[in-house]
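Going by the numbering used here, the letters in the sequence shown line up with residues 1 to 69, in that order.
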Amino acid sequence: MEITMTVRPPEPLLRLNTILARTGLSQVTLYRKIQAGTFPKQIRIANQSAINDWSHNPMFWSAGNGFQG
Numbered sequence: 001m002e003i004t005m006t007v008r009p010p011e012p013l014l015r016l017n018t019i020l021a022r023t024g025l026s027q028v029t030l031y032r033k034i035q036a037g038t039f040p041k042q043i044r045i046a047n048q049s050a051i052n053d054w055s056h057n058p059m060f061w062s063a064g065n066g067f068q069g
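Laid out in structure tokens, this is it:
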């Protein structure tokens with residue numbers, strides 16, 4: 001018997017404006033729900049300094065530990 005598994009592609013990350021449009025919530029209400037634990041927390045992709053480092057020299061960037069070059 002052969003078992004096959006279907007792998008779903010990862011869901012895309014949604015921007016704040018998209019979430020507000022889909023839910024009909026105001027930004028304040030959304031953040032209150034996040035604080036109350038009734039809405040999923042946002043995911044921080046990178047901090048600003050990481051983006052600045054990357055923009056100065058993207059060829060030597062490694063997401064794990066910053067610059068390697």
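For every residue, glycine included, the Cβ atom is placed at its ideal position computed from N, Cα and C.
Cutting at 6 Å between CB atoms, please list the residues of its own chain near residue i, excluding the five before and the five after it.
i	result
N57	none
R22	none
Take residue i and list the residues in its own chain whose beta-carbon comes closer than 7 Å to its own, dropping the five residues that flank it on each side.
i	result
E11	none
F39	L30 and K33
I43	L13
Apart from the five residues on each side of it in sequence, which residues of its chain come closer than 8 Å, Cβ to Cβ, to residue i?
i	result
S26	L20
Can you tell me the Cα-Cα spacing of residue i and residue j, whole angstroms?
i	j	result
I45	Q35	19 Å
T6	G37	31 Å
M1	K41	42 Å
T4	R15	34 Å
Taking DSSP as the reference, what is the three-state secondary structure of residue i?
i	result
P10	coil
G69	Below a pLDDT of 50, predicted positions are generally treated as unreliable, and G69, at 47, falls in that range; the measurement from the model is reported next regardless. In this structure, G69 counts as coil in the three-state DSSP scheme.
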